[in-house]
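Q: Next up is a structure, given as C-alpha cells.
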Amino acid sequence: MTWRPDYSAHAEFVAPAGPSSALWRFFLGLFVAVVAYVALNEFYFQTIYAFAGTSAASLHGNLLKGATPQAMYLLLFSFGTMAMAVGVTVRIVHQRNASSL
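Per our numbering, the sequence shown starts with residue 144, numbered consecutively.
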C-alpha cells in the first residue's frame, strides 16, 4: 500500500466543516455526541424492554450473551443510535445537515 498524502476524496469530505472548525467545537461535538448516544441508546433499549413485557428479563440475558438471532439483531440495530447521535451533533454543533456527511 502506498501512502497518498494528497487524498482528494478526504479533502472533499472534510471541506464543508472547514469554515466552522475550532477546538472548542471538537470538544462540544464530542460531548453532544456522547450525551446523544447514551440518551438514544437508553431510549432504544427501554422501548425494546417495554415491548418485551414480562419476558424482558429473559431478553436482557439473551442480549448480554448474544444467545439468539433476535438478540443479535437488536444489538446490531442499536448501532443506529450511534449514527443518529452523529447526525444530531452535526446539526447542533456545525449547523449542517447530516446528509452532508
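C-beta: ideal position from N, C-alpha, C; glycine also.
Note that the structure is predicted; figures quoted are calculated from it, not measured.
Grab me the residues of Phe220's own chain with a C-beta within less than 6 Å of its C-beta, minus the 5 sequence neighbours each way, in chain order.
A: Walking along the sequence shown from the start, residue 220 turns up at place 77. Taken in chain order, the list of residues that qualify is empty.
Q: Have a look at Ala199 and Ala193 and give me their C-alpha separation to the nearest angstrom.
A: Mapped onto the sequence shown, residue 199 falls at position 56. Mapped onto the sequence shown, residue 193 falls at position 50. Cα to Cα, Ala199 sits roughly 7 Å from Ala193.
Q: Can you tell me where the alpha helix (DSSP H) with Gly172 in it begins and where it stops?
A: Your numbering for residue 172 matches position 29 in the sequence shown. Here the alpha helix (DSSP H) through Gly172 covers 166 to 195.
Q: Have a look at Phe188 and Ala179 and give me their C-alpha separation to the nearest angstrom.
A: By 1-based counting over the sequence shown, the position of residue 188 is 45. By 1-based counting over the sequence shown, the position of residue 179 is 36. Each residue's Cα considered, the two are about 14 Å apart.
Q: Per DSSP, what kind of secondary structure is Thr211 in: helix, strand or coil?
A: The residue given as residue 211 occupies position 68 in the sequence shown. Coil at Thr211, not helix or strand.
Q: So, helix, strand or coil for Pro148, using DSSP?
A: Here the question's residue 148 lines up with position 5 in the sequence shown. The answer is coil: DSSP assigns Pro148 none of H, G, I, E or B.
Q: Among the residues of its own chain, which have a CB less than 8 Å from the CB of Ala264, if the five just before and after it don't count?
A: Absent from the model: residue 264. The displayed extent of the chain is 144 to 244, so no value can be given.
Q: Could you say if the segment 225 to 235 and the segment 164 to 179 meet the contact criterion of at least three C-beta pairs nearer than 8 Å?
A: Contact between the segment 225 to 235 and the segment 164 to 179 is present, because at least three Cβ pairs lie under 8 Å.
Q: Would you identify the three-state DSSP class for Leu206, choosing helix, strand or coil?
A: For the purposes of this step, residue 206 is taken as residue 63 along the sequence shown, with counting starting at 1. The answer is helix: DSSP assigns Leu206 an H, G or I state.
Q: Can you look up Arg234 in the DSSP assignment and give me helix, strand or coil?
A: On the sequence shown, position 91 is the one that residue 234 refers to. In the structure shown, the three-state DSSP call for Arg234 is helix.
Q: What distance in whole Å lies between the Cβ atoms of Arg239 and Val231, which are believed to be in contact at a cut-off of 8 Å?
A: To locate residue 231, count along the sequence shown from 1; it is residue 88. To locate residue 239, count along the sequence shown from 1; it is residue 96. About 12 Å; that fails the 8 Å criterion.
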